[in-house]
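Under UniProt numbering, the sequence shown has 4 at position 4, and the numbering climbs by one with no breaks.
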Amino acid sequence: MATETKVLTAHVPLGLAEKVEAMASRLERSRGWVMKQALAAWVDQEEERHRMTLEALEDVDAGRVIDHQAIQAWADSLGTDKPLPAPVK
Numbered sequence: 001m002a003t004e005t006k007v008l009t010a011h012v013p014l015g016l017a018e019k020v021e022a023m024a025s026r027l028e029r030s031r032g033w034v035m036k037q038a039l040a041a042w043v044d045q046e047e048e049r050h051r052m053t054l055e056a057l058e059d060v061d062a063g064r065v066i067d068h069q070a071i072q073a074w075a076d077s078l079g080t081d082k083p084l085p086a087p088v089k
């Protein structure tokens, strides 16, 4: 059974189009296949970023945060002979 598809069009910079064509040639795949792989990976990444943002906002709403000064002191200590332990919430 064939998967339903929809044609999407986009204008891309010439340099990017050339890279896609070179990659398709190197992989012995079509440009369409390369574009589908790239788009699927980007969508997955953005969905994960959105999920993590919502999770972080839930932490903030619940008060599960670390004081900025504690984070700054920890970060500043990382390049020293006596780094501080990472702050915990």
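Idealized CB from N, CA, C, for every residue including glycine.
Pick helix, strand or coil for residue i, following the three-state DSSP scheme.
i          : result
residue 48 : helix
residue 54 : helix
Let me know if residue i comes out buried or exposed under the rule of 16 or more other beta-carbons within 10 Å of its beta-carbon.
i          : result
residue 34 : buried
Inspect the beta-carbon positions of residue i and residue j and report whether they are closer than 8 Å.
i          : j          : result
residue 71 : residue 83 : no
residue 31 : residue 21 : yes
Taking the C-alpha atoms as reference points, what is the distance between residue i and residue j?
i          : j          : result
residue 44 : residue 52 : 12 Å
residue 77 : residue 85 : 9 Å
residue 67 : residue 5  : 49 Å
residue 64 : residue 40 : 33 Å
residue 81 : residue 89 : 25 Å
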